[in-house]
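Residue numbers (UniProt numbering): 1 to 125.
Structure representation (C-alpha coordinates):
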(Lines of atoms letter the chains of each structure in order from A; the text may use other names.)
(Lines give C-alpha, C1' and ligand atoms only; values in the text may rest on other atoms or scores of the structure.)
Protein backbone atom coordinates (compact mmCIF):
# COMPACT_ATOMS: atom_id res chain seq x y z
CA UNK A 1 0.00 0.00 0.00
CA UNK A 2 1.38 3.41 -0.94
CA UNK A 3 -1.21 5.73 0.59
CA UNK A 4 -3.85 5.75 3.31
CA UNK A 5 -6.43 8.17 4.63
CA UNK A 6 -4.96 10.36 7.35
CA UNK A 7 -7.74 9.61 9.83
CA UNK A 8 -7.30 5.85 9.35
CA UNK A 9 -3.53 6.13 9.67
CA UNK A 10 -3.71 8.20 12.89
CA UNK A 11 -6.09 5.64 14.38
CA UNK A 12 -4.04 2.64 13.26
CA UNK A 13 -0.75 3.98 14.68
CA UNK A 14 -2.55 4.61 17.98
CA UNK A 15 -2.42 8.41 18.02
CA UNK A 16 -6.23 8.59 18.38
CA UNK A 17 -8.34 6.30 20.49
CA UNK A 18 -11.10 5.94 17.87
CA UNK A 19 -11.35 6.56 14.17
CA UNK A 20 -14.23 8.97 14.66
CA UNK A 21 -12.03 10.99 17.03
CA UNK A 22 -9.31 11.10 14.36
CA UNK A 23 -11.90 12.29 11.83
CA UNK A 24 -13.15 15.04 14.13
CA UNK A 25 -9.57 16.16 14.87
CA UNK A 26 -8.95 16.53 11.14
CA UNK A 27 -12.19 18.47 10.66
CA UNK A 28 -11.25 20.78 13.55
CA UNK A 29 -7.93 21.63 11.88
CA UNK A 30 -5.68 19.91 14.42
CA UNK A 31 -3.93 17.73 11.81
CA UNK A 32 -1.48 18.93 9.16
CA UNK A 33 0.48 17.05 6.53
CA UNK A 34 3.66 18.84 5.44
CA UNK A 35 2.36 22.02 7.15
CA UNK A 36 -0.93 22.01 5.19
CA UNK A 37 -4.25 21.60 7.04
CA UNK A 38 -6.02 18.50 5.79
CA UNK A 39 -9.45 16.90 5.67
CA UNK A 40 -10.01 13.36 6.99
CA UNK A 41 -9.85 11.84 3.51
CA UNK A 42 -6.43 13.33 2.67
CA UNK A 43 -3.85 10.76 1.65
CA UNK A 44 -0.68 10.24 3.64
CA UNK A 45 2.46 8.74 2.05
CA UNK A 46 5.78 7.43 3.32
CA UNK A 47 8.06 10.40 3.99
CA UNK A 48 5.28 12.86 4.88
CA UNK A 49 5.51 14.83 8.11
CA UNK A 50 2.30 14.83 10.13
CA UNK A 51 1.62 17.44 12.82
CA UNK A 52 -1.07 16.45 15.27
CA UNK A 53 -2.18 18.80 18.09
CA UNK A 54 -2.68 16.95 21.38
CA UNK A 55 -3.54 18.73 24.63
CA UNK A 56 -2.29 22.07 23.32
CA UNK A 57 1.04 20.75 22.02
CA UNK A 58 2.03 19.52 18.55
CA UNK A 59 3.24 15.98 17.98
CA UNK A 60 5.45 15.77 14.91
CA UNK A 61 5.51 12.36 13.23
CA UNK A 62 7.39 11.31 10.11
CA UNK A 63 5.59 8.53 8.25
CA UNK A 64 7.84 5.49 7.75
CA UNK A 65 5.14 2.96 6.94
CA UNK A 66 1.51 2.77 5.88
CA UNK A 67 -0.97 0.63 7.79
CA UNK A 68 -4.76 0.73 7.84
CA UNK A 69 -5.49 -1.81 10.58
CA UNK A 70 -4.97 -1.11 14.26
CA UNK A 71 -2.15 -3.29 15.57
CA UNK A 72 -0.17 -3.65 18.77
CA UNK A 73 1.68 -0.60 20.05
CA UNK A 74 5.19 -1.93 19.26
CA UNK A 75 4.16 -2.71 15.66
CA UNK A 76 2.42 0.65 15.31
CA UNK A 77 5.58 2.49 16.45
CA UNK A 78 7.48 1.00 13.51
CA UNK A 79 5.31 3.02 11.10
CA UNK A 80 6.33 6.47 12.31
CA UNK A 81 9.33 8.33 13.64
CA UNK A 82 8.59 10.74 16.47
CA UNK A 83 10.26 14.11 15.78
CA UNK A 84 8.51 15.95 18.61
CA UNK A 85 10.92 18.14 20.59
CA UNK A 86 11.18 17.34 24.29
CA UNK A 87 8.95 19.58 26.42
CA UNK A 88 10.39 21.28 29.47
CA UNK A 89 9.21 19.90 32.77
CA UNK A 90 7.55 22.49 34.97
CA UNK A 91 7.87 21.96 38.68
CA UNK A 92 5.39 23.76 40.86
CA UNK A 93 6.10 24.12 44.55
CA UNK A 94 3.69 22.21 46.75
CA UNK A 95 2.49 23.60 50.04
CA UNK A 96 3.21 21.17 52.88
CA UNK A 97 2.34 21.44 56.52
CA UNK A 98 4.02 19.49 59.27
CA UNK A 99 2.04 16.41 60.28
CA UNK A 100 0.03 17.03 63.42
CA UNK A 101 0.21 20.83 63.14
CA UNK A 102 -3.57 21.10 62.77
CA UNK A 103 -5.54 23.51 60.65
CA UNK A 104 -3.97 26.77 59.45
CA UNK A 105 -4.61 29.84 61.58
CA UNK A 106 -6.47 32.84 60.25
CA UNK A 107 -3.16 34.64 59.66
CA UNK A 108 -1.75 31.64 57.75
CA UNK A 109 -4.92 31.41 55.64
CA UNK A 110 -4.62 35.08 54.68
CA UNK A 111 -0.95 34.56 53.73
CA UNK A 112 -1.93 31.60 51.57
CA UNK A 113 -4.65 33.67 49.91
CA UNK A 114 -2.14 36.41 49.13
CA UNK A 115 0.32 33.85 47.77
CA UNK A 116 -2.28 32.36 45.41
CA UNK A 117 -3.72 35.75 44.42
CA UNK A 118 -7.12 35.18 45.99
CA UNK A 119 -9.21 37.78 47.73
CA UNK A 120 -8.75 37.20 51.47
CA UNK A 121 -11.61 39.61 52.23
CA UNK A 122 -14.21 37.26 50.74
CA UNK A 123 -17.20 37.08 53.07
CA UNK A 124 -15.99 39.88 55.34
CA UNK A 125 -18.00 43.01 55.94
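Don't be surprised by glycine CBs; every beta carbon is placed ideally from N, CA and C.
Where does the unbroken alpha helix (DSSP H) through residue i begin, and where does it stop?
i, result
"residue 6", "6-12"
"residue 81", "It is not in any alpha helix (DSSP H) - residue 81 instead sits in the beta strand (DSSP E) that spans 80-82."
"residue 126", "This structure gives no information on residue 126, because the portion of the chain shown stretches from 1 to 125."
"residue 107", "106-116"
"residue 130", "With the chain represented from 1 up to 125, any question about residue 130 goes unanswered, as that position is not in the structure."
I'd like to confirm the pairing. Which residues does DSSP put opposite residue i in its beta bridges?
i, result
"residue 52", "31 and 59"
"residue 3", "45"
Can you check whether the CB of residue j is closer than 7 angstroms to the CB of residue i?
i, j, result
"residue 44", "residue 63", "yes"
"residue 4", "residue 68", "yes"
"residue 54", "residue 6", "no"
"residue 46", "residue 61", "no"
"residue 100", "residue 79", "no"
"residue 18", "residue 59", "no"
Between which two residues does the beta strand (DSSP E) containing residue i stretch?
i, result
"residue 45", "43-45"
Use the C-beta contact count for residue i: other C-beta atoms within 10 angstroms, 16 or more gives buried, fewer gives exposed.
i, result
"residue 91", "exposed"
"residue 10", "buried"
"residue 31", "buried"
"residue 36", "exposed"
Contact defined as beta carbons within less than 8 angstroms: I believe residue i pairs with residue j. What is the distance between those atoms, to the nearest angstrom?
i, j, result
"residue 57", "residue 87", "7 angstroms"
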